[in-house]
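Protein chains in written order, with the numbering used here: chain L, 2 to 218; chain F, 147 to 629. Think of the CB as a built atom: it goes at the ideal place given N, C-alpha and C, for glycine as much as any other residue.
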Amino acid sequence: MKKFERSEGLVAPLDRANVDTDLIIPKQFLKSIKRTGFGVNLFDELRYLDEGQPGQDVSRRPLNPDFVLNQPRYQGASVLLARRNFGCGSSREHAPWALEDFGFRVVIAPSFADIFYNNAFKNGLLLVTLPEETVERLFQEVAANEGYRLDVDLENQRVITPAGEILEFEVDAFRKHCLLEGLDDIGITLQDEDAIRAFEAKHRATRPWLFRDSAQA
Amino acid sequence: MAGQTLYDKLWSQHLVKERDDGTALIYIDRQLLHEVTSPQAFEGLRLAGRKPWRLDANLATPDHNVPTTVKERAEGNAGIKDPVSLIQVQTLDDNCVEFGIEEFKINDPRQGIVHVVGPEQGATLPGMTVVCGDSHTATHGAFAALAHGIGTSEVEHVLATQCLLAQKMKNLQVRVEGTLGTGVTAKDVVLAIIGRIGTAGGTGYAIEFAGSAIQGLSMEGRMTVCNMAIEAGARVGLIAVDDTTIEYLAERPYAPTGEQWQAAVADWRGLVSDADAAFDKVVTLDAAEIEPQVSWGTSPEMVTGISGEVPDPAAQADETVRNGYTRALQYMGLAPKQKITDIRLDKVFIGSCTNSRIEDLREAAKVARGKKVADSIKLAMVVPGSGLVKRQAEAEGLDKVFIEAGFEWREPGCSMCLAMNADKLGAGEHCASTSNRNFEGRQGYGGRTHLVSPAMAAAAAIAGHFVDVRQLAANDDAQAQEA
Ligand code: SF4
Numbered sequence: 002m003k004k005f006e007r008s009e010g011l012v013a014p015l016d017r018a019n020v021d022t023d024l025i026i027p028k029q030f031l032k033s034i035k036r037t038g039f040g041v042n043l044f045d046e047l048r049y050l051d052e053g054q055p056g057q058d059v060s061r062r063p064l065n066p067d068f069v070l071n072q073p074r075y076q077g078a079s080v081l082l083a084r085r086n087f088g089c090g091s092s093r094e095h096a097p098w099a100l101e102d103f104g105f106r107v108v109i110a111p112s113f114a115d116i117f118y119n120n121a122f123k124n125g126l127l128l129v130t131l132p133e134e135t136v137e138r139l140f141q142e143v144a145a146n147e148g149y150r151l152d153v154d155l156e157n158q159r160v161i162t163p164a165g166e167i168l169e170f171e172v173d174a175f176r177k178h179c180l181l182e183g184l185d186d187i188g189i190t191l192q193d194e195d196a197i198r199a200f201e202a203k204h205r206a207t208r209p210w211l212f213r214d215s216a217q218a
Numbered sequence: 147m148a149g150q151t152l153y154d155k156l157w158s159q160h161l162v163k164e165r166d167d168g169t170a171l172i173y174i175d176r177q178l179l180h181e182v183t184s185p186q187a188f189e190g191l192r193l194a195g196r197k198p199w200r201l202d203a204n205l206a207t208p209d210h211n212v213p214t215t216v217k218e219r220a221e222g223n224a225g226i227k228d229p230v231s232l233i234q235v236q237t238l239d240d241n242c243v244e245f246g247i248e249e250f251k252i253n254d255p256r257q258g259i260v261h262v263v264g265p266e267q268g269a270t271l272p273g274m275t276v277v278c279g280d281s282h283t284a285t286h287g288a289f290a291a292l293a294h295g296i297g298t299s300e301v302e303h304v305l306a307t308q309c310l311l312a313q314k315m316k317n318l319q320v321r322v323e324g325t326l327g328t329g330v331t332a333k334d335v336v337l338a339i340i341g342r343i344g345t346a347g348g349t350g351y352a353i354e355f356a357g358s359a360i361q362g363l364s365m366e367g368r369m370t371v372c373n374m375a376i377e378a379g380a381r382v383g384l385i386a387v388d389d390t391t392i393e394y395l396a397e398r399p400y401a402p403t404g405e406q407w408q409a410a411v412a413d414w415r416g417l418v419s420d421a422d423a424a425f426d427k428v429v430t431l432d433a434a435e436i437e438p439q440v441s442w443g444t445s446p447e448m449v450t451g452i453s454g455e456v457p458d459p460a461a462q463a464d465e466t467v468r469n470g471y472t473r474a475l476q477y478m479g480l481a482p483k484q485k486i487t488d489i490r491l492d493k494v495f496i497g498s499c500t501n502s503r504i505e506d507l508r509e510a511a512k513v514a515r516g517k518k519v520a521d522s523i524k525l526a527m528v529v530p531g532s533g534l535v536k537r538q539a540e541a542e543g544l545d546k547v548f549i550e551a552g553f554e555w556r557e558p559g560c561s562m563c564l565a566m567n568a569d570k571l572g573a574g575e576h577c578a579s580t581s582n583r584n585f586e587g588r589q590g591y592g593g594r595t596h597l598v599s600p601a602m603a604a605a606a607a608i609a610g611h612f613v614d615v616r617q618l619a620a621n622d623d624a625q626a627q628e629a
């Protein structure tokens, strides 16, 4: 996993609540057996005027000029500003893969859906939860100032606005540690291999029916 | 000290290790795998030179991409016309062979939607932790199993370590008390719950569904309710063990037998929340007030009773809500205050992991028996949840009821629930669907989904627009008396 320390970048606003994973990456693109290449189809139904198909040359597709990510002023954005319950819907990890592949490193919103939250952190995408009023104010500032950028400092858990205002955020210690160090969860868990084996032996002894190889012996 | 909730009990029975930072390692008893969210996980294992921790904990079946027409299915994998879908299904087959995981392949009679297959085989048992790379894994909570939907990295993590990194959730109890009216089903109950608490109402919580109306449901109905916990924002939905649970499991292929069955049953009886357990939040609904539900918008919380109407966005005080409603009505092609019964339909889909079990098909068949699908309906299809559900339905003659009424009778799979295969809606088409999500484009680009129960879907197919299935039943009774 990529390390995440600090990220300073252009902010793009996506002004709708309950953005679901189908909207982030429509299902026809889930057929890929790879982890990369989803960026061109991020928000496909909002971004293009036609229906997208996997493997298509997107440069020939008609863009929706009204969609925020298509506007010149937001090209190269790496921070996505969103509304509440971002990432609801399915458990598809293709959603964070697509956001990252597109170039986003951070999503800021008042709240996120649970599974999406997990998936994002496992893929080096930082989700910053800020109060609804703060997010509302950021939306206004982004709209009013072309080229609006935010500096997101994970180490110190704060977002710094162009005016120098500091917005602190919470993030759980383990997730933060993994992101800062770029650690692979599996490697960390396997350090506890003995504890897992010991638990498994006890579990099998108490509830053998949970193990098919001992259930019908 | 206050007692434990069912969730607390399941959590502590699987806790391997707690970290100082509040995360924990929990042991996973069962992992269900399907073709969409597993290829990258197997690839990760391969790249790292890792092996699955415990083979017998895993069970795989393709479901999302499989074609559902009889003709294509007869050809096995070769019947999958889309080359990209084909690669995904083949990759699952190959990975299961390479790693030694049991798989019900495309034409195995036991193949089906993972969430139908697991319980049907007894591969989901009370007291288990169950995971699957699919958010509707919550379904299995109907058996008092702690069931989580997970992402692909987590699929790989569970394959490699038999554990999941998790954080303890809060406890929410949703009580539905009283008796459900005739024609009101589990689907209506869960839609009414989501309408009440909203799609983020359960975020951060494990929901336990309780109360007399929940206890009165069959296992099929309980699965329908837990299935949609995720649509209320909760990764986990649970229902306590009782006689209904135990009767359902007896003699299922993967369930324990003999003395182990006895020991298991004794253990399972304890899988209920203690009387003095403390919940962080409790929500109560009156069963008698729940009508058959129909969703009108693009989020499952945008739902109302059949006697209701489409809301007027202008009447919404909250700006984000107002904008959301306006956008939803525009997408759905509906007018404010339009009556639900005036919504005309183009297609009808009976299926998905929410409503494709035998009982669902029985309910739909009861409505369709002896009637005809309206001429204005372009396609009405019934897609059983598994090969075994299909056989059972055929043994009961339900297939004939559907076919005679003008429904297509299909082979099992996810089908038009998410339209990853060829079954989809055209732009602007309205569909009465027994699935779980009405997001924009979910059932096809520009498609308009209305979530309903199987009985309501069948009734809508016959009328060509939404009708109150209770009215229909009353008319039938009256006719029967006259005759
Ligand atoms: S039936 Fe629908 S919701 Fe269920 S697993 Fe398949 S695609 Fe997902």
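For chain L, the residues of the segment 382-412 of chain F that bring a beta carbon within less than 9 Å of one of its beta carbons are Tyr400, Ala401, Pro402, Thr403, Gly404, Gln406, Trp407, Ala409 and Ala410, in chain order. At the C-beta level, Ser532 (chain F) and Gly362 (chain F) stay beyond 7 Å of one another. By the Cβ test, the segment 599-618 of chain F is in contact with the segment 520-534 of chain F, since at least three Cβ pairs between them sit closer than 8 Å. Contact annotation: in the segment 178-209 of chain L, residues whose CB is within less than 9 Å of a CB in chain F are His178, Asp185, Asp186, Ile187, Gly188, Ile189, Thr190, Leu191, Asp193, Glu194, Ala196, Ile197, Ala199, Phe200, Glu201, His204, Thr207, Arg208 and Pro209.
Between ligand 1 and Leu564 (chain F), a heavy atom-to-CB distance of less than 6 Å is present. For Cys89 (chain L), DSSP records a beta bridge to L:Asp21.
Taking a C-beta distance under 7 Å as the contact criterion, Cys577 (chain F) and His282 (chain F) do not qualify as a contact pair. Going by DSSP, Asn317 (chain F) is part of the beta strand (DSSP E) stretching over Lys316 to Glu323. As computed with DSSP, Trp555 (chain F) is found in a beta bridge with F:Val528. Taken atom to atom, the span from the alpha-carbon of Arg398 (chain F) to that of Val598 (chain F) is near 30 Å. Look at Pro14 (chain L): its C-beta is not under 7 Å from any C-beta on chain F. Minimum Cα-Cα distance from Ala164 (chain L) among the listed residues L:Glu142, L:Leu126 and L:Ile189 corresponds to L:Glu142. Listed as beta-bridge partners of Ile489 (chain F) by DSSP are no residues whatsoever. Per DSSP, His611 (chain F) lies in no beta strand (DSSP E) and is assigned neither H nor E.
Residue pairing by DSSP places Tyr351 (chain F) opposite F:Lys316 in a beta bridge. Remark: the C-beta of Ile376 (chain F) is outside contact range of ligand 1, defined as less than 6 Å to any heavy atom.
As the crow flies, the alpha-carbon of Ala380 (chain F) is around 6 Å from that of Ala352 (chain F). If you ignore the 5 residues before and after Val216 (chain F), its C-beta comes within less than 7 Å of the C-beta of Glu557, all in its own chain and listed in chain order. For Leu11 (chain L), the three-state secondary structure derived from DSSP is strand. Legend: CB atoms of the segment 461-483 of chain F lying less than 9 Å from CB atoms of chain L belong to residues Thr466, Val467, Asn469, Gly470 and Arg473. Within the segment 259-275 of chain F, the residues whose Cβ lies closer than 8 Å to any Cβ of chain L are, in chain order, Leu271, Gly273 and Met274. Under the DSSP definition of a beta bridge, Arg594 (chain F) partners with F:His576. Listed along chain L, the residues sitting closer than 8 Å to Gln186 (chain F) by beta-carbon distance are Ile34, Lys35, Arg36 and Glu94. In the three-state reduction of the DSSP assignment, Lys163 (chain F) falls in the strand class. Using a Cβ-Cβ cut-off of 7 Å, Asn42 (chain L) does not count as an interface residue toward chain F, since no Cβ of chain F sits closer than that to its own. In its chain, beyond the 5 residues on either side, no residue has a beta carbon closer than 6 Å to the beta carbon of Glu405 (chain F).
Remark: C-beta atoms of Val301 (chain F) and Ala332 (chain F) do not approach each other more closely than 7 Å. Across the set F:Gly572, F:Met527 and F:Leu305, the C-alpha of F:Leu305 shows the shortest separation from the C-alpha of Leu179 (chain F). Per DSSP, the continuous alpha helix (DSSP H) segment holding Lys123 (chain L) begins and ends at Asp115 to Lys123. Within chain F, the residues placing a beta-carbon under 7 Å from that of Arg213 (chain L) are Asp202 and Tyr400, ordered along the chain. DSSP places Asn501 (chain F) in the coil class of the three-state scheme, outside both helix and strand.
According to the DSSP assignment, Gly383 (chain F) belongs to the beta strand (DSSP E) that extends over Val382 to Leu384. Distance from the C-beta of Ser441 (chain F) to the nearest heavy atom of ligand 1 is not below 6 Å.
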